[in-house]
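Novice: One structure, pasted below without further comment.
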Amino acid sequence: MAGITDLPKEVLVDIGNLLDRHTLITSLLTCRYFHQSLFHLLLRTTRVKEGKPQVSVNELTRYAHNVHHFEIHGVVPWDYYKIAFPCLRTMAIHRNTAAQTVQDNVLMEEQDRHCIILFRLNPTVQDLELYSIGNAPCANFWEAIFTSFRRPRRLDVNRIWELHGHRLNWFWQACSRFEELNFTEFSGDSPSILSELNFESIKRVSMNWQKSYGRPCIEYDGQLEILQKFSNLTRMHWTTHGGAFPREAFLRALEDSAWPRLEDLGFTGMMGKDTRNRGIIDKLPPLRRVQFDIKQFGESCWSSFKPKQRNSLRALDLRGCYSFKKCWALDVFSHFGQLEEFSICSIEVADVKLYPHALSSFGLKRLDAFFINDTKDTDGDHAVFEMLSNFDMLESIYVRDEEHQVFSLEEAKTFKHPHTLRWRLDVGLGKLWKLKNLRRLVLDNRFQDMRVEDLEWMLEQWPLLSELTGWLSEDPLVRAKLAGLLRARGVLNRDFDGI
1 MAGITDLPKE VLVDIGNLLD RHTLITSLLT CRYFHQSLFH LLLRTTRVKE GKPQVSVNEL
61 TRYAHNVHHF EIHGVVPWDY YKIAFPCLRT MAIHRNTAAQ TVQDNVLMEE QDRHCIILFR
121 LNPTVQDLEL YSIGNAPCAN FWEAIFTSFR RPRRLDVNRI WELHGHRLNW FWQACSRFEE
181 LNFTEFSGDS PSILSELNFE SIKRVSMNWQ KSYGRPCIEY DGQLEILQKF SNLTRMHWTT
241 HGGAFPREAF LRALEDSAWP RLEDLGFTGM MGKDTRNRGI IDKLPPLRRV QFDIKQFGES
301 CWSSFKPKQR NSLRALDLRG CYSFKKCWAL DVFSHFGQLE EFSICSIEVA DVKLYPHALS
361 SFGLKRLDAF FINDTKDTDG DHAVFEMLSN FDMLESIYVR DEEHQVFSLE EAKTFKHPHT
421 LRWRLDVGLG KLWKLKNLRR LVLDNRFQDM RVEDLEWMLE QWPLLSELTG WLSEDPLVRA
481 KLAGLLRARG VLNRDFDGI
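Residue numbers for the sequence shown follow UniProt numbering, beginning at 1 and rising by one.
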């Protein structure tokens with residue numbers, strides 16, 4: 001550190017731009033010169049919270065041109081809503097006060113009026129995030145969103161209920177300005193002016209509509225009516241909650257090419273038998289990304305899906321498809337030659353040993369799968385490592401069992417569950433020497449007995465490795481040595497906190 005305070009302020013700022021937020025805060029506390037030179041960088045992401053704003057209005061106004069991300073949590077002094085940020089890109093409003101009394105309602109209405117001022121002062125906002133517990137903001141709130149922003153890109157709406165009348169109409173008009181919509185725990189109906197609205201800008205949508213308390217869930221036919229207006233969609237993720245999925249109406253929409261540009265499709269919660277679900281699979285266009293949480297996605301669906309999507313698919317996530325047989329996962333590696341990302345609950349090691357077909361997914365970059373080994377036969381480990389060695393483009397391997405997760409070493413020792421891979425050189429780990437692009441490896445916390453030489457080999461062979469998460473060994477002394485090796489190399493292990 002000697003002499004660094006002699007550097008020009010401009011050079012320090014260039015260095016500061018390379019630091020993460022935690023390191024930047026540490027640097028600010030080092031000396032007054034660092035604080036004077038780098039404080040404005042800390043304001044790139046600014047959060048003002050109810051009861052404890054960490055930066056004053058005067059400071060924020062002075063450094064307003066440095067703020068790119070601005071969040072308001074709860075009710076804060078109104079002067080914070082009167083600041084113009086010339087370079088602001090992301091704004092988040094957390095209306096986290098549930099209106100229960102007349103005074104609460106008055107306060108929330110006043111907050112909405114000040115948000116309108118904030119919107120109009122900051123036309124550069126591209127990404128807007130709205131969080132609320134309680135009723136939806138007023139119509140003027142949504143009108144300000146519709147008219148204020150020059151090039152809006154993404155709108156996230158979380159826990160906003162009771163949209164009716166003019167509020168509902170202006171809400172959907174505001175939505176029409178954005179390219180991406182993400183709705184979570186949201187209740188809203190189809191607006192009366194739906195036929196008059198133009199949704200050509202909307203390209204990506206994630207819908208997780210739920211019923212609001214005290215009123216029935218809106219009809220899924222109404223949701224589909226809105227989705228069909230988004231004719232330029234490239235991504236659609238739709239979550240339903242135990243209701244009657246509008247199967248026939250959705251099939252007609254597919255037959256009518258309602259979404260001719262669709263590339264990314266996600267379904268969560270679709271009910272029905274495997275043979276009925278196949279009707280939708282049959283009508284799907286070639287897709288690049290698929291995320292299915294369909295309980296009855298069995299042989300009928302899979303036999304239709306595989307030939308239709310094999311030449312186009314880049315990412316496949318079937319973790320929620322409990323009828324999907326483990327042995328079919330290996331068919332994915334053989335038939336989907338363009339695949340880059342694959343997520344599945346588990347794969348049987350015995351199936352890997354016996355699989356007769358050649359692999360083709362040589363461009364695979366991310367694999368999420370728990371390997372189940374019902375025996376302690378190391379031939380299974382060798383077979384899996386031999387298979388993984390074919391995917392030398394892998395950047396991320398996640399082999400933790402999320403379905404039967406344990407949270408302590410003592411629980412891991414007593415939990416009854418099939419064995420999984422052991423990441424050791426003497427059972428085949430050395431076959432993965434070609435994985436030079438590997439950046440992330442997350443291991444299951446059971447049955448790991450890694451040695452120091454195993455980790456040293458990993459760190460030498462995988463130069464880009466930045467995360468290796470897992471307890472790695474049940475021996476506390478070995479585990480401490482492994483933790484030291486990782487820290488010396490700057491490799492993150494999320495399970496080593498407190499060791």
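Think of the CB as a built atom: it goes at the ideal place given N, C-alpha and C, for glycine as much as any other residue.
Mark Leu482 as exposed unless 16 or more other C-beta atoms lie within 10 angstroms of its C-beta, in which case mark it buried.
Specialist: buried
Novice: Would you mind listing the alpha helix (DSSP H) stretches within the stretch 98-134 that are 4+ residues and don't spill past its ends, in chain order?
Specialist: 102-121
Novice: With a threshold of 8 Å, are at least 3 pairs of Cβ atoms found where one atom belongs to the stretch 139-147 and the other to the stretch 195-207?
Specialist: no
Novice: Would you identify the three-state DSSP class for Lys49, choosing helix, strand or coil?
Specialist: strand
Novice: Going by DSSP in three states, Ser176 sits in which element: helix, strand or coil?
Specialist: coil
Novice: Exposed or buried, what is Cys87 when buried is set at 16 or more other beta-carbons lying within 10 Å of its beta-carbon?
Specialist: exposed
Novice: Arg489 to Glu460, Cα distance in whole Å?
Specialist: 10 Å
Novice: Who pairs with Gln54 in a beta bridge, going by DSSP?
Specialist: In the DSSP output, where bridge partners are listed per residue, Gln54 has none listed.
Novice: Based on the DSSP secondary-structure assignment, which residues constitute the bridge partners of Leu236?
Specialist: This sequence places Met at residue 236; Leu is not what is there. In the DSSP output, where bridge partners are listed per residue, Met236 has Val205 and Leu265.
Novice: If you follow the alpha helix (DSSP H) that Met271 is in, where does it begin and where does it stop?
Specialist: Segment: none, Met271 is in no alpha helix (DSSP H) and carries neither H nor E.
Novice: So, using beta-carbon positions, are Phe85 and Leu121 closer together than 9 Å?
Specialist: yes
Novice: Ser192: buried (16+ other C-beta within 10 angstroms of its C-beta) or exposed?
Specialist: exposed
Novice: In whole angstroms, give me the CA-to-CA distance for Trp259 and Val290.
Specialist: 15 Å
Novice: Have a look at the DSSP bridge pairing and note the partners of Glu71.
Specialist: Arg47 and Ala92
Novice: Is His237 closer than 9 Å to residue 502 when the C-beta atoms are compared?
Specialist: Here the chain has residues from 1 to 499 only, and residue 502 is not among them.
Novice: Any idea if Ala480 is buried or exposed, counting beta-carbon neighbours within 10 angstroms, 16 or more meaning buried?
Specialist: With a threshold of 16 other beta carbon atoms within 10 Å, Ala480 falls short and is exposed.
Novice: Measure the C-alpha to C-alpha separation of Phe245 and Glu453 and round it to an integer number of angstroms.
Specialist: 54 Å
Novice: Evaluate Ser300 with the Cβ neighbour count: other Cβ atoms within 10 Å of its Cβ, from every protein chain shown; 16 or more gives buried, anything less gives exposed.
Specialist: buried
Novice: Tell me whether the beta-carbon of Phe336 lies closer than 9 Å to the beta-carbon of Ser360.
Specialist: yes
Novice: Just verifying my parser: in three-state terms, what is the DSSP assignment at Ile281?
Specialist: helix
Novice: In whole angstroms, what separates the C-alpha of Leu421 from that of Asn182?
Specialist: 38 Å
Novice: Take Arg153 as the anchor and find which of Val352, Lys203 and Cys138 has the nearest alpha-carbon.
Specialist: Lys203
Novice: For Ala136 and Arg177, what's the separation of their Cα atoms in angstroms?
Specialist: 19 Å
Novice: DSSP state of Phe141, grouped into three classes?
Specialist: helix
Novice: Contact defined as beta carbons within less than 8 Å: I believe Leu118 pairs with Tyr81. What is the distance between those atoms, to the nearest angstrom?
Specialist: That pair is a contact at about 4 Å.
Novice: Cα separation between Pro476 and Lys365?
Specialist: Near 33 Å, if we compare the C-alpha coordinates of Lys365 and Pro476.
Novice: Tell me which residues share the same chain as Gly214 and place their Cβ nearer than 8 Å to its Cβ, disregarding the 5 neighbours each side in the sequence.
Specialist: The predicted position of Gly214 is uncertain, since its pLDDT is 44 and thus under 50; a value taken from the coordinates is nonetheless stated next. So no residue of the chain qualifies.
Novice: In whole angstroms, give me the CA-to-CA distance for Gly74 and Glu50.
Specialist: 5 Å
Novice: Ordered along the chain, which non-local residues of its own chain (more than five positions away) have a Cβ less than 6 Å from that of Leu318?
Specialist: Phe292, Phe324 and Ile344
Novice: On the criterion of 16 or more Cβ atoms from any shown chain inside 10 Å, does His65 qualify as buried, or is it exposed?
Specialist: When all chains shown are included, His65 counts as exposed.
Novice: Does the Cβ of Met1 have 16 or more other Cβ atoms within 10 Å, making it buried, or fewer, making it exposed?
Specialist: Summary for Met1: the model assigns pLDDT 47, below 50, so the residue's position carries little reliability; its value from the coordinates is reported in the next sentence. When all chains shown are included, Met1 counts as exposed.
Novice: Answer with buried or exposed for Asp449, where buried requires no fewer than 16 other C-beta atoms within 10 angstroms of its C-beta.
Specialist: exposed
Novice: At the level of alpha carbons, what is the spacing between Val48 and Leu432?
Specialist: Answer to the nearest angstrom: the Cα atoms are 48 Å apart.
Novice: Per DSSP, what kind of secondary structure is Leu181 in: helix, strand or coil?
Specialist: The three-state reading of DSSP puts Leu181 in strand, counting E and B together.
Novice: Which of the three DSSP states, helix, strand or coil, is assigned to Thr469?
Specialist: It is a strand residue.
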